[in-house]
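Peer 1: In full-length UniProt numbering, the protein residues as written are 1 to 747.
Every residue, glycine too, gets a C-beta built ideally from N, C-alpha and C.
See the structure below:
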């Protein structure tokens, strides 16, 4: 939306930092200290923003406002010291309002309705008193009670043969009122959720085979905002206290519902604080196979449900009918034995290719992808990098049914491309981090035998570093891919600007593409995405062939996804015009390997091509939420000749920001407040190895590895790569970013 102006340009837009929802200042608060001249329009980027943008009628008015704001005493700005500078607008004018709908019919979600004041304040108090008496079950961040039938979170189902405590008297009268509504099922099950301040609900669709008909949810004690998602569409709706939400038909069966984890909501540009909230969810148990028209969301039509984290910890899994069996062993990907030197062919043939639709079906531009790859044999790469060691396929994550995986003709190459290893240790997705500006800094630190211990000899060899990355990066992302993807939908504006600067017909390699969120920025370029996490690659593949997209939408998206390691990119030299490497290089654990990856980015670019590389910075915007929570861990110094000192690693307790954050590029990389791990996180049996279960939080704990970059460290690395030129280097809130160009004639 906005970026920093080039060459000190003055504009009619201002960036005002240290204010916004994150610090308790909403639109009205900000307008109170803004000059009235020029009709200032406040734009709040998202519900967790610690800054705002202000647009004036003209440049002259904005210039005067900037001077006024810089001179304001903190007493006039609610105790905040403002940071003010000009901002450049990118794209269409922004919408001034941010927040949730207040009427269900405005959401555009079929089958959704909201009845306000379904109960009066007196009834509310009596119901709260009645359902509050008794025993509660503790979950990760909230407590629950069940009446009629118990919902089994391990199976995501109910046992219709085991009725439990009957409905309280007041609740029965409520249910009679609900049953009298047209089309309402015979409600016979109630789940009461007690949400403390700031706690929400993870995205999910209630199991189809477990319940029949509409689902009703009564909000008591306080308001909240609920979000609905389907195929990339998001709709938010405010739920006032004492309101009844009804989800029927498509809203019930095909849209995920989700309550963001935060302490306030924005409705009509006004910040509304949350409080303690109780919800009563009414359903009719069913226990029969579902034959709805939404098979992609239906447990009955997709077969066995993936095991939840609780089921895996107990060593059992549940079918859609609720039966129990052993946890399935992971499946392996077969490889052919053809030697690397014989590998010739297309991009699709050179890697485990994850596709949502055939590249030949994606319109003009896709044909070029068929001539992009060459053999990535060990000899041709030897001068560019240290070769990766092949891994045993038994550690590979299962290949799901949502995307097909084409097999490489090179067993060694594919094994390294998958780079699947044992999992790390963290379900709130906490990273493991290193920091420093010299080639190596400090030492890895961890207790031997602890879940966060590094592989034996970590820091002492190329293979040890590879194992570290496999354990604390690749396997962690495989385990949490769906949850991680749900929190990473925002397109970073600086990256978007880079993509928009490319000419039509450009071929872009998105190395470490994650969930593929940059595939659709433009429809006149070709994006070749790759990721070494099979979990994320499959999520990205589903973006190429969404179940409800029109044929025109499928054809217009010119992108492909490959399961491939960034050290062995399956494209021929100079095949691409540009490269994206967003939030990837900081997962590489030593300098030689970082240089090797940068050389790979340069190798696949044509002379004059440009690459955008971003990494986490030691300079964090909110160190209290990041650096202060990280735990040091030690390992031996790495004796690699190009390294002169040791490198420190930390186990970082920085969870992923929740979906509601919708971050800008800087905010997307900052730690932020996090959502608790979803109670239904799916993990394979193989991925349980090394996972720690936090009894207090009732959640699985993984960790991921990061190296935090000092100022100029990334630019210095690029400077060591022959043929690379630093075109731009900048800090973007908690990230260092470099735009590098491949020299037209390499020395």
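Run through DSSP, which three-state label would residue 100 get?
Peer 2: For this step, residue 100 is matched to residue 100 along the chain shown. Note: residue 100 maps to coil in three-state DSSP.
Peer 1: May I have the straight-line CA-CA distance separating residue 732 from residue 726, to the nearest angstrom?
Peer 2: Locating residue 732 in the chain shown gives position 732, counting from the first residue. Locating residue 726 in the chain shown gives position 726, counting from the first residue. For residue 732 and residue 726, the distance between alpha carbons rounds to 17 angstroms.
Peer 1: Go ahead and pull the three-state DSSP assignment for residue 538.
Peer 2: The residue labelled residue 538 in the question sits at position 538 within the chain shown. Residue state, collapsed to three classes: helix.
Peer 1: Are residue 260 and residue 225 touching if we call contact CB-CB under 8 angstroms?
Peer 2: As a working note, residue 260 is residue 260 in the chain shown. As a working note, residue 225 is residue 225 in the chain shown. The answer is yes: Cβ separation under 8 angstroms.
Peer 1: Along the chain, where does the alpha helix (DSSP H) that runs through residue 748 open and close?
Peer 2: Outside the modelled stretch of the chain, which goes from 1 to 747, sits residue 748, for which no answer is possible.
Peer 1: Starting from residue 194, trace the beta strand (DSSP E) in both directions and tell me its first and last residue.
Peer 2: Residue numbering aside, residue 194 sits at position 194 when the chain shown is read from its first letter. Segment 189-195, the beta strand (DSSP E) holding residue 194.
Peer 1: Over what stretch of residues does the beta strand (DSSP E) that includes residue 89 continue unbroken?
Peer 2: Walking along the chain shown from the start, residue 89 turns up at place 89. First-last of the beta strand (DSSP E) with residue 89: 83-89.
Peer 1: Can you give me the C-alpha to C-alpha distance between residue 133 and residue 151, rounded to a whole angstrom?
Peer 2: Start at 1 with the first residue of the chain shown, and residue 133 comes out as number 133. Start at 1 with the first residue of the chain shown, and residue 151 comes out as number 151. Answer to the nearest angstrom: the Cα atoms are 19 angstroms apart.
Peer 1: When the Cα atoms are used, what is the spatial distance from residue 507 to residue 577?
Peer 2: Translated into positions along the chain shown, residue 507 becomes position 507. Translated into positions along the chain shown, residue 577 becomes position 577. Residue 507 and residue 577: Cα-Cα distance of roughly 5 angstroms.
Peer 1: Please determine if the region 58-73 and the region 28-45 are in contact, where contact requires at least 3 C-beta pairs separated by less than 8 angstroms.
Peer 2: Counting Cβ pairs under 8 angstroms, three or more are found: they touch.
Peer 1: So, are the CB atoms of residue 250 and residue 110 less than 8 angstroms apart?
Peer 2: Taking the chain shown and counting its residues from 1, the one referred to as residue 250 is at position 250. Taking the chain shown and counting its residues from 1, the one referred to as residue 110 is at position 110. Going by C-beta atoms, residue 250 is nearer than 8 angstroms to residue 110.
Peer 1: Quick one: Cα of residue 205 to Cα of residue 601, how far?
Peer 2: As a position in the chain shown, residue 205 is number 205, starting the count at 1. As a position in the chain shown, residue 601 is number 601, starting the count at 1. Rounded to the nearest angstrom, the two C-alpha atoms are 40 angstroms apart.
Peer 1: Output the distance between the C-alpha atoms of residue 743 and residue 611, rounded to the nearest integer angstrom.
Peer 2: Working through the chain shown from its first residue, we reach residue 743 at position 743. Working through the chain shown from its first residue, we reach residue 611 at position 611. Cα-Cα distance, rounded: 12 angstroms.
Peer 1: Three or more C-beta pairs under 8 angstroms: does that hold for the region 230-238 against the region 175-191?
Peer 2: No, because fewer than three Cβ pairs between the region 230-238 and the region 175-191 fall closer than 8 angstroms, the two stretches do not touch.
Peer 1: DSSP has residue 732 in a bridge; who is on the other side?
Peer 2: Taking the first residue of the chain shown as 1, we reach residue 732 at position 732. Its beta-bridge partners do not exist; DSSP assigns none.
Peer 1: Could you tell me how far apart the beta carbons of residue 244 and residue 118 are, in whole angstroms, since I believe they sit closer than 8 angstroms?
Peer 2: Counting from 1 along the chain shown, the entry for residue 244 is found at position 244. Counting from 1 along the chain shown, the entry for residue 118 is found at position 118. Correct: roughly 4 angstroms between the Cβ atoms.
Peer 1: For residue 128, collect the residues of the same chain with a Cβ closer than 7 angstroms to its Cβ; drop the 5 residues on either side in sequence, then sort them by chain order.
Peer 2: Working through the chain shown from its first residue, we reach residue 128 at position 128. Taken in chain order, the residues that qualify are 220, 221, 278.
Peer 1: Would you kindly work out how many angstroms separate the C-alpha atoms of residue 78 and residue 18, rounded to a whole number?
Peer 2: Residue mapping note: residue 78 aligns to position 78 of the chain shown, counting from 1. Residue mapping note: residue 18 aligns to position 18 of the chain shown, counting from 1. Computed Cα separation, rounded: 11 angstroms.
Peer 1: Relative to the alpha-carbon of residue 264, which residue among 567, 216, 212, 197 has its alpha-carbon at the smallest distance?
Peer 2: Position 264 of the chain shown, counted from the first residue, corresponds to residue 264. Residue 264 has its Cα closest to that of 197, out of 567, 216, 212, 197.
Peer 1: Taking the alpha-carbon of residue 32 as reference, which of 22, 54, 45 has the nearest alpha-carbon?
Peer 2: Reading the chain shown from its first residue, position 32 is the one you call residue 32. The option with the nearest alpha carbon to residue 32 is 54.
Peer 1: With distances taken Cα to Cα, identify the nearest neighbour of residue 282 among 4, 88, 186, 10.
Peer 2: Counting from one through the chain shown, the residue named residue 282 turns up at place 282. Comparing Cα positions, the closest option is 186.
Peer 1: Could you spell out where the alpha helix (DSSP H) holding residue 719 opens and where it closes?
Peer 2: For the purposes of this step, residue 719 is taken as the residue at position 719 of the chain shown. Element bounds for residue 719: 713-719.
Peer 1: Sort 713, 708, 114 by Cα distance to residue 618 and report the nearest one.
Peer 2: Here residue 618 corresponds to residue number 618 of the chain shown, with the count starting at 1. Nearest option by C-alpha distance: 708.
Peer 1: DSSP has residue 157 in a bridge; who is on the other side?
Peer 2: Position 157 of the chain shown, counted from the first residue, corresponds to residue 157. 152, per the DSSP bridge assignment.
Peer 1: So which of 614, 603, 736, 512 has the shortest CA-CA distance to residue 722?
Peer 2: The residue labelled residue 722 in the question sits at position 722 within the chain shown. The candidate whose alpha carbon is nearest that of residue 722 is 603.
Peer 1: In whole angstroms, what separates the C-alpha of residue 749 from that of residue 571?
Peer 2: This structure leaves residue 749 out entirely; the chain is present only between 1 and 747.
Peer 1: Distance check for residue 294 and residue 728, CA to CA, integer angstroms please.
Peer 2: Residue 728 sits at position 728 when you count from the first residue of the chain shown. Residue 294 sits at position 294 when you count from the first residue of the chain shown. Taking the straight line joining both Cα atoms gives about 48 angstroms.
Peer 1: Relative to the C-alpha of residue 592, which candidate in 710, 562, 542, 466 has its C-alpha closest?
Peer 2: Taking the first residue of the chain shown as position 1, residue 592 is located at position 592. Here the closest residue by C-alpha is 466.
Peer 1: DSSP three-state call for residue 173: helix, strand or coil?
Peer 2: What you label residue 173 is simply residue 173 of the chain shown in a count that begins at 1. Here residue 173 sits in helix by DSSP.
Peer 1: Please state whether DSSP places residue 137 in a helix, a strand or coil.
Peer 2: The count along the chain shown starts at 1 and reaches residue 137 at position 137. Residue 137: strand per DSSP, three-state reduction.
Peer 1: Quick one: using the 10 Å Cβ neighbour count with 16 as the cut-off for buried, is residue 7 buried or exposed?
Peer 2: Taking the chain shown and counting its residues from 1, one reaches residue 7 at position 7. Residue 7 is exposed by the Cβ-count criterion.
Peer 1: Give me, in chain order, the residues of the same chain whose beta-carbon lies closer than 8 angstroms to that of residue 300; leave out the 5 immediate sequence neighbours on both sides.
Peer 2: Within the chain shown, the letter at position 300 stands for residue 300. So the qualifying residues of the chain are 208, 209, 289, 290, 291, 320.
Peer 1: Which same chain residues, not among the five before or five after residue 736, have their C-beta less than 6 angstroms away from its C-beta?
Peer 2: Within the chain shown, residue 736 is the residue found at index 736, counting from 1. Correct list, in chain order: 615, 617, 709, 714.
Peer 1: To the nearest angstrom, how far is it from the Cα of residue 609 to the Cα of residue 741?
Peer 2: As a first step, residue 609 is located in the chain shown; it is residue number 609 there, counting from the start. As a first step, residue 741 is located in the chain shown; it is residue number 741 there, counting from the start. Cα to Cα, residue 609 sits roughly 6 angstroms from residue 741.
Peer 1: Return yes when the Cβ of residue 527 is within less than 8 angstroms of the Cβ of residue 545, no when it is not.
Peer 2: In the chain shown, residue 545 corresponds to position 545, counting from 1. In the chain shown, residue 527 corresponds to position 527, counting from 1. No, the Cβ-Cβ distance between residue 545 and residue 527 is not below 8 angstroms.
Peer 1: Rounded to whole angstroms, how far is the Cβ of residue 47 from the Cβ of residue 246, which I believe are closer than 8 angstroms?
Peer 2: As a working mapping, residue 47 is identified with position 47 in the chain shown. As a working mapping, residue 246 is identified with position 246 in the chain shown. Contact flag wrong, Cβ pair sits at about 25 angstroms.
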